[in-house]
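These notes concern the structure reproduced below.
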Amino acid sequence: MNIIISNSSNTPIYEQIKEQIKNKIVSNELKTGELLPSIRSLAKDLRISVITTKSAYEELEREGYVETIPGKGTYVANKNIELIREEQLQKIENLIDTAVSIAKISNISKQEIQNIIEILYEEEN
Amino acid sequence: MILEVKNLNKKYKDFQLKNVNLSLPKGMIMGLIGENGAGKTTTIKAILNIINTDSGEIKIFGLDNKKEEKKIKQDIGVVLDDSFLSEYLNPMDINKIMKNFYQNWDEKLYFKYIEEFKLPKNKISKDYSSGMKMKLKIAVALSHHPKLLILDEPTSGLDPVARNEILDIFQDFIQDEEHAILVSSHITSDLEHIADYITFINNGEIVLTKTKDELLDRYGIVKCSEQEFKKINKADYLKYKKNRYEYEILVENKNEFKRKYDIQIIDKPTIEDIMLIYIKGEK
Amino acid sequence: MNGIKGLIVKDLLNLSHYKFSLLIIIVVFIGLGVSSKSSLTFMPIMLMTAIGMIGLSTFSYDEMSKADKYLLTFPTDKKEMVKAKYILIIGMIIIGAIVSIIATYGINYIVYSEIPDIEPILTMVLGGVFGISLVEAIQIPSVYKWGAEKGRIQMFVLIILIGALIGGLVFLITSAGLSIQFDTNQILGFIKNFGTYILIAVILLMYFLSYKLSCKIYMKKEI
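Have a look at this one:
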């Protein structure tokens, strides 16, 4: 498992870790029931403080992505795929909402926005 | 709490520790930072009951550091920057000495460290490099299975490679969540990576003691012009420093500050930035 | 598990650097004792001084590495540290005394093939122990107070002072017309008359007072 953190980024390190683990869970790279590295060994391997990895795991737990069994470790939770999908959709909607409002202010047509999205999709492939 | 210092006071002719408070939970690393002469070593000496204090209470493992001194010290490993047994002893000699002091002295572990750190067993430490000397001190400090490590300036005078190795040792030690480390340093970049808590001492007083993430993620350094600076409410910043071309302002919560003021440049601070503004800045 | 033992082991290992110089000193002094019978009478005192004073040099080792501060992070305390030093120093003096007795006796027996009277040797050595103890009992607290470096200078001053005092006394007595021969037998006689037991008691009392003073000084000292 790769986790890449940047010390100079404005995003807090715990958030970087959280996002990367989350992405791996969503993309099924980390499967349900899989054991995550312990807070302390992850801190050591990433050369960061224990509190930082702890915060990342706590946030992941709060959002339901992982589950901590005291004395055993932290596991990828059995998360409802539908729920994750819904969350992601909600995120996309929010982002598009911002895009649309900027478009409306600047008089950019719906067609132009759709073109942009299509170009971006093509690029991805 | 593995270590708790409450209202510690100690007056010297030309220097004074004023109401020092700090607490270190188990499983954590606390970095004690400050300039040379700010009171780091004096604080550590008071914790270890090496000096007499004027007032205050110090508890280690929940026990009074004076009344239960010998019991407590069985479980503490200490590294001091400028002080050691003798330069004329080799690791073999040191083993013979140390096993008398500690009930839990682990000869096997000690020689494992000596080997791991590549220290010549039969050479007196006078002939060691400064990195090797420090590693020898750390090996000695770790070999009686201490629960608390207290280190005064363990990385000063070492090259980056040796410093890095020492940080590794600390992180290995802290894998056991019953352990804790108090480490003083004026090289803040070392602590920036691994410390959970940062306690900043200036002029004998604790200026701040917080989790490192809180400092790095919430604090910000605003850079602005004089006109902009004049519009800022005094209550909204901690300290400021007037430079030749700009004002540098330390704020406690950069997001809140962003919401309130229309100032573009807010940098993520380093521990050193925070330290410098506190020492050099004004309010 | 025993702080005092650890402290003494530390000092002995530090001193082990002296083993060759010490061996040379012993050989030279014994050689001196063998060379003439008159020097044999002074040899034990010199030998004892050489061995007995070595204990003091452990203070310099400690100072060089600022060891006191470090030792106090161990499960020990200032009192134990003072105690360990006295045990070491007194121990070294006793070793010096024993070596001197054996050397004197041995040389007499081997070189001069005579079985010497043990009593004058013992009295002589006891006198030596008294002299060294007097210097060290003053010296140890002053090292605690002012440090080993200043203490060393002070030791020379002390020895010169005692020497000058005795010299002056002798000069006064001789110039007063009382002819005095610097005869060892006279000194031995003096010690004998003084009473061996009283002398031993005085030595012990000196160390006791010195120890108490050292503790008091060291407890107050900021390290």
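Residue numbers (our numbering), protein chains in the order written: chain A, 355 to 479; chain B, 1216 to 1498; chain C, 7 to 229. Virtual Cβ for every residue (Gly too), placed ideally from N, Cα, C.
- When secondary structure is reduced to three states using DSSP, B:Val-1422 falls in the strand class.
- Residue contact with chain C for B:Leu-1239: absent (no Cβ-Cβ distance below 8 Å to any residue of chain C).
- Residues of chain B with a Cβ closer than 7 Å to the Cβ of C:Lys-75 are, in chain order, Ile-1265, Leu-1295 and Ser-1298.
- Around the beta carbon of B:Trp-1320, a 10 Å sphere encloses 16 or more other beta carbons of the protein chains shown; the residue is thus reported as buried.
- Remark: C-beta atoms of B:Lys-1469 and B:Tyr-1434 approach each other more closely than 8 Å.
- In this structure the segment 24-31 of chain C does not touch the segment 1321-1340 of chain B; the number of beta carbon pairs closer than 8 Å is below three.
- Going by C-alpha positions, B:Gly-1346 is about 42 Å away from A:Asn-377.
- Taking a beta-carbon distance threshold of 8 Å, A:Pro-391 does not count as an interface residue toward chain B.
- For A:Tyr-368, the closest Cβ of chain B is nearer than 8 Å.
- With respect to chain B, the C-beta atom of A:Arg-394 has a partner C-beta closer than 8 Å.
- Chain A places a beta carbon closer than 8 Å to that of B:Asp-1411, counting this residue as a contact.
- With a threshold of 8 Å between beta carbons, B:Gln-1390 makes contact with chain A.
- Inter-residue distance for B:Glu-1322 and B:Asn-1280 is about 27 Å (C-alpha atoms, whole angstroms).
- In this structure, DSSP gives B:Lys-1438 an extended state, which the three-state scheme calls strand.
- Taking a 10 Å sphere around the C-beta of B:Asp-1229, we find fewer than 16 other C-beta atoms and assign the residue as exposed.
- Contacts with chain A at 8 Å (Cβ-Cβ) do not include B:Gln-1442.
- Interface residue (Cβ-Cβ distance to chain C less than 8 Å): B:Leu-1304 is classified as such.
- Runs of the alpha helix (DSSP H) lying entirely within the segment 139-181 of chain C, each at least 4 residues long, are 154-181 in chain order.
- Annotation for B:Val-1293: the continuous beta strand (DSSP E) segment containing it runs 1291-1294.
- The beta carbon of B:Tyr-1317 sits closer than 8 Å to some beta carbon of chain C.
- Contacts with chain A at 8 Å (Cβ-Cβ) include B:Asp-1432.
- Scanning its chain for C-beta atoms nearer than 6 Å, with the 5 sequence neighbours on each side dropped, one finds around B:Phe-1444 the residues Tyr-1462, in chain order.
- Not flagged as an interface residue toward chain B: A:Ile-371, since no C-beta distance is shorter than 8 Å.
- Here B:Thr-1258 really is in contact with B:Leu-1232; their C-beta atoms are around 6 Å apart, less than 8 Å.
- Under DSSP, C:Lys-85 forms no beta bridge with any residue.
- Neighbours of B:His-1394 across chain A, judged by C-beta separation under 9 Å, do not exist; the nearest C-beta is about 10 Å away.
- Residue environment: C:Met-225 is assigned as exposed (fewer than 16 neighbouring CB atoms within 10 Å of its CB, all protein chains considered).
- DSSP places A:Lys-385 outside both helix and strand once states are collapsed to three, so it counts as coil.
- Proximity of C:Leu-132 to chain B, defined by a Cβ-Cβ separation below 8 Å, is not satisfied.
- Look at the segment 391-420 of chain A: the residues with a C-beta under 8 Å from a C-beta of chain B are Arg-394, Ser-395, Ala-397, Lys-398, Arg-401, Ile-402, Ser-403, Val-404, Ile-405, Thr-406 and Ser-409.
- Considering only B:Gln-1390, B:Leu-1223 and B:Asn-1379, the residue with the shortest C-alpha distance to B:Gly-1271 is B:Leu-1223.
- In the DSSP assignment, B:Val-1398 falls within the unbroken beta strand (DSSP E) covering 1395-1400.
- For B:Ser-1301, the nearest beta carbon of chain C is closer than 8 Å to its own beta carbon.
- Nearest to A:Glu-417 by C-alpha distance, out of A:Ile-467, A:Ile-375 and A:Glu-447, is A:Ile-375.
- When DSSP reads this structure, A:Thr-422 sits in a beta bridge with A:Thr-428.
- A residue is called buried once 16 or more other Cβ atoms fall within 10 Å of its Cβ, and B:Phe-1316 is buried on that count.
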